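Enquirer: Got a structure here, written out as structure tokens. Questions coming.
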């Protein structure tokens, strides 16, 4: 038989086919795939949801559901399952032909294997030598707030977070371990979001954040060099890194009602009338009539009705025709949050996380609100064992409506007998139609309200004032990493951020600003474009020698560039109500009086500033661990900043830290109740270059207008003087710390003490008038911060059906100005800077009550009368003078602050609560300066105590209140120096109370869900304080933008499927 040979090409294809057929048959015979199911619990028997189960050596994996149950198809009956869960020890379990596998996981000692972000890398918590604290995603989202800064508040010892004013969109102020700079913004920490430096994180959706790591001490922040002087907050958003196998979809939705609470207790209409009468009669006190008139109410009514020439006011009082301005200006607000997240990991090594969020919030005043839209995408791909790359992108669109800044304040201060409504020809009110008054508020029948000239209708102001901000923020990074071998890798990361913002403001013709500008509309618009990028190139060495010596080394080269462009335009006397559009139709000029007395039309209303700054850096960090017991970290960063003077642009920031895991020592092994006991110590140097980019250069401004015999000519003038010696602000910090854990970490925490000294402070130093400019940026003085921080977590109950956990923080910081101008002990009184005192100190006369009738002679020796405010004669020389009788009255930094939170779970129910406290704060209260000021009689006031008790027939002399001076007769120290308005603003605030219910496994299976939780959350329900103003948390805010406290009640649901 003849066989025709096959062509070589067909032989090749047939051999390949036979090879794969044989491979498949062999695997079919040997694999014997099977289904394995089971349940994962902790040591107390509690179910663990979200545990990762991976078949070893394959990409086959799954995760547990809400009840801790799982089901997985394994490739053979000898498969090994790798079971891992954050803060628990990873276990490998052999299937061994079983169809059911139940596993109990043990917690890591104090979560010591937990990974912490340390800047350009990560480290195990057990290997940390610096003061670093972490907030997990669960902690960030549990309060269900719209701003991620609120989640930090009270969550980390040593981090003080306060609202700037309570006004929507006004943000938060963050200070880590006290203010270390006298420069206004010099104490702000550095925010790093996915590698991008940002001014704040207000634009983020809290649901998009995976974790926040706060680097508090200099040794941990020194790797950021010049930008880490005030601490660093590293924000890591959700990416595909930790995504579970398969696809997970989650959805969160909540709706809340917001109401104003803790409204100031103002005078009733009747009491305001009595105050108004008394203030009128107080004006009769003089040198010839030094005593307050003792006349009855009838006489007071008659006197005001006649001498005040305001019978309309008296008629409204008699008829009780008052108006409640608080009710008129305040309304209910709302919050609405919706968030959708999709994450997963594919078999090809590609993992992803995509989030979409919509947040809406309205204020308790009309025309105040914020809408925020967020898109977040994270993608990671492990190409092979050597190459991996990733992309993170966050896009945020924010629309803010801020309305009128001052209308609420104006409404609260209105005379209660005035009315906001227009009147008809017969003098009757037209309810619902706002009065359009030319600079005044009037009573019905068009009579001028007493002492109200120059005021305006606040309700009309709210309706006709716009302050709208539209902001796009985009940040992202892309990285590629190459692992040369198991100990050497290279990584390059490019991060960029872009922000486009437009703020438009307009005032209608009948608003306060419009009435001052020929009763015509006005407007302005500001457009800001900011772009920055950072390119980091690093190599990492991780090497273990003889299982005892563990080395980790980082080498880094980094370049940062920041560009900012601003366009501003304004006009007034616009012919139409076009808001902040069509500004060219109005007047872009101002009237100015020239030196010769001529009135000149000065062009203005447009400016377009631009600046750019760069930073180039080189850094290295070494971590060494011996036998898991002895730890060493050393780093250095070399920064060059473009904003500083030539010769001073470059400097180095070194640090060194050590640690000792005592619980690993043999002599501690017998103490079974000790789970963790580590001592830490560090010293490090950081810096600050937070000044205007051109502070080292002298600048001119143009145009400047000069009057030459009535002819206006333009030219140049000096805008600022450059400092050719301008250099770095530097901070040295020493930190000693203790981490502890007892009873299998049922009790755990840390204690840190620190000593921080900042010197060569960047400051606007005053110059003599003949220099032509008021200040120059200089390096002057030094500030010290010393303090202690304590954090404690207790797991009080851990059973199958009940868990209860509590946490506490305590912080005490002492701030002190060490020097200001050289070594001389010279104070800067003009800037309230005093050697040896807090840099936020208040300096004034000391209020000492009110002069009484029995002290008439002594009061006269000081040039005062009974009923006037009294101040202390500190040097007892018989006179009051500014140089010898003023003192430090306190400061607005708390003497200590703390927080407490607790969470209780009983089967499917959960209950949680958190509070914060600041104690020992003294503030100059702008609220009291307005609402307790007795020097004017036409405005509404706090419900003050009676300031006068007349003499009686039994010979008891008249008595004045020792708190409130005589209306319109308070004296110079009260009128001019505001001595009575320094108040204690200590408080305890309940941040939230939340109650939730999670469906059990049976219901979830029927609904084909992994988890479902319903909850009710109450934000800021209670504030305990003696402060009478709006809210003690923002008592230092300017009263014009200050807002009342609000409470929000939310209802929501969280789904996962």
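Residue numbers (the working numbering): 33 to 1089. Note that CB positions come from ideal geometry on N, CA and C, so glycine has one too. Here the structure is a predicted model, which is why all the values come from computation and not from measurement.
Which one of 691, 677, 781 has the shortest CA to CA distance from residue 723?
Expert: The shortest Cα separation from residue 723 among 691, 677, 781 belongs to 677.
Enquirer: Label residue 732 either buried or exposed according to how many other C-beta atoms from any shown protein chain fall within 10 Å of its C-beta, with 16 as the threshold for buried.
Expert: Under this definition residue 732 is an exposed residue.
Enquirer: Are the CB atoms of residue 717 and residue 685 within a distance shorter than 9 Å?
Expert: Cβ distance < 9 Å, so residue 685 and residue 717 count as in contact.
Enquirer: Measuring straight from C-alpha to C-alpha, what distance separates residue 824 and residue 930?
Expert: Cα-Cα distance, rounded: 11 Å.
Enquirer: Check whether the region 289-300 and the region 352-368 are in contact - that is, three or more C-beta pairs closer than 8 Å.
Expert: The region 289-300 vs the region 352-368: in contact.
Enquirer: Per DSSP, what are the beta-bridge partners of residue 686 in this structure?
Expert: Residue 686 is bridged to 668.
Enquirer: Candidates 415, 502, 555: which alpha carbon is nearest residue 514's?
Expert: Measuring from the Cα of residue 514, the nearest candidate turns out to be 415.
Enquirer: Would you give the residue range spanned by the alpha helix (DSSP H) that residue 1005 belongs to?
Expert: Counting along the chain, the alpha helix (DSSP H) containing residue 1005 begins and ends at 1004-1007.
Enquirer: In three-state DSSP terms, what is residue 92?
Expert: Three-state result, residue 92: coil.
Enquirer: Are the region 1029-1039 and the region 1009-1018 in contact at 8 Å, needing three or more beta carbon pairs?
Expert: At 8 Å Cβ cutoff, the stretches do not touch.
Enquirer: Between the C-alpha atoms of residue 1050 and residue 858, what's the straight-line distance to the nearest angstrom?
Expert: Cα-Cα distance, rounded: 50 Å.
Enquirer: When the Cα of residue 241 is compared with those of 255, 232, 225, which residue comes out closest?
Expert: Of the candidates 255, 232, 225, the one whose C-alpha sits nearest the C-alpha of residue 241 is 225.
Enquirer: Exposed or buried, residue 1026, counting other C-beta atoms within 10 Å across all chains shown (16 or more means buried)?
Expert: Classification for residue 1026: buried.
Enquirer: Kindly list the residues whose CB is nearer than 6 Å to the CB of residue 38, restricted to its own chain and excluding five residues on each side of it in sequence; keep chain order.
Expert: For residue 38, the predicted structure reports a pLDDT of 43, less than 50, and the residue's modelled location is therefore unreliable. The matter cannot be settled from this model.
Enquirer: Label residue 419 either buried or exposed according to how many other C-beta atoms from any shown protein chain fall within 10 Å of its C-beta, with 16 as the threshold for buried.
Expert: Flag for residue 419 reads exposed.
Enquirer: Spatial neighbours of residue 1017 within its chain, please: CB distance less than 6 Å, with the 5 preceding and 5 following residues excluded, ordered by chain position.
Expert: Result list for residue 1017: 953, 955, 1059, 1064, 1067, in chain order.
Enquirer: Taking all protein chains shown into account, do 16 or more other C-beta atoms lie within 10 angstroms of the C-beta of residue 721, making it buried, or fewer, making it exposed?
Expert: Per the 10 Å Cβ criterion, buried.
Enquirer: Name the DSSP beta bridge partners of residue 4, please?
Expert: With the chain covering 33 to 1089 only, the question about residue 4 has no answer from this structure.
Enquirer: Check whether the region 194-202 touches the region 837-855, taking contact to mean three or more Cβ pairs, one atom from each stretch, closer than 8 Å.
Expert: Touching, no, given that fewer than three Cβ pairs across the two stretches are closer than 8 Å.
Enquirer: Rounded to whole angstroms, what's the CA-CA distance from residue 1075 to residue 959? Just pull it up for me.
Expert: Residue 1075 and residue 959: Cα-Cα distance of roughly 10 Å.
Enquirer: With residue 447 as the anchor, note down where its alpha helix (DSSP H) starts and where it stops.
Expert: Premise fails: residue 447 is in no alpha helix (DSSP H) and is neither H nor E.
Enquirer: Alpha carbon to alpha carbon, how far is residue 1022 from residue 371?
Expert: Taking the straight line joining both Cα atoms gives about 26 Å.
Enquirer: What residue range does the beta strand (DSSP E) around residue 816 cover?
Expert: That run of the beta strand (DSSP E) goes 807-830.
Enquirer: For residue 883, count neighbouring Cβ atoms within 10 angstroms of its own Cβ and tell me buried if that reaches 16, exposed if not.
Expert: Residue 883 is buried by the Cβ-count criterion.
Enquirer: With H, G and I counted as helix, E and B as strand and the rest as coil, what does DSSP make of residue 761?
Expert: Note: residue 761 maps to strand in three-state DSSP.
Enquirer: Could you check the C-alpha separation between residue 566 and residue 671 for me, to the nearest Å?
Expert: Going from the Cα of residue 566 to the Cα of residue 671 covers about 14 Å.
Enquirer: Please list the segments of the alpha helix (DSSP H) lying wholly inside the region 111-193, counting only runs of 4 or more residues, in order along the chain.
Expert: Here the runs fully enclosed are 169-173, 180-184.
Enquirer: Need the endpoints of the beta strand (DSSP E) that residue 567 sits in, please.
Expert: Residue 567 -> beta strand (DSSP E) spans 554-577.
Enquirer: Residue 296 to residue 307, Cα distance in whole Å?
Expert: Approximately 18 Å, taken between the alpha carbons.
Enquirer: Run the CB neighbour count on residue 638, radius 10 Å, all protein chains shown included, and call it buried at 16 or more, exposed below.
Expert: When all chains shown are included, residue 638 counts as exposed.
Enquirer: What ranges does the beta strand (DSSP E) occupy inside the region 766-799, keeping only unbroken runs of at least 3 residues that lie completely in it?
Expert: Entirely contained in the region 766-799, the beta strand (DSSP E) runs reaching 3 residues are, in chain order, 779-798.
Enquirer: Can you tell me which of the three DSSP states residue 285 falls into?
Expert: Three-state DSSP puts residue 285 in a strand.
Enquirer: For chain B, find out if any of its Cβ atoms is closer than 9 Å to the Cβ of residue 953; answer yes or no.
Expert: Within the model displayed, chain B is absent; a lone protein chain is all it includes.
Enquirer: Looking at residue 1047 and residue 176, is the spacing between their C-beta atoms short of 9 Å?
Expert: Going by C-beta atoms, residue 176 is nearer than 9 Å to residue 1047.
Enquirer: Quick check on DSSP: helix, strand or coil for residue 892?
Expert: Of the three classes helix, strand and coil, the one that applies to residue 892 here is helix, per DSSP.
Enquirer: Less than 8 Å between C-beta atoms, sequence neighbours within five positions excluded: which residues of the same chain meet that for residue 60?
Expert: Summary for residue 60: the model assigns pLDDT 41, below 50, so the residue's position carries little reliability; its value from the coordinates is reported in the next sentence. Within the same chain, residue 60 has no close Cβ partners at all.
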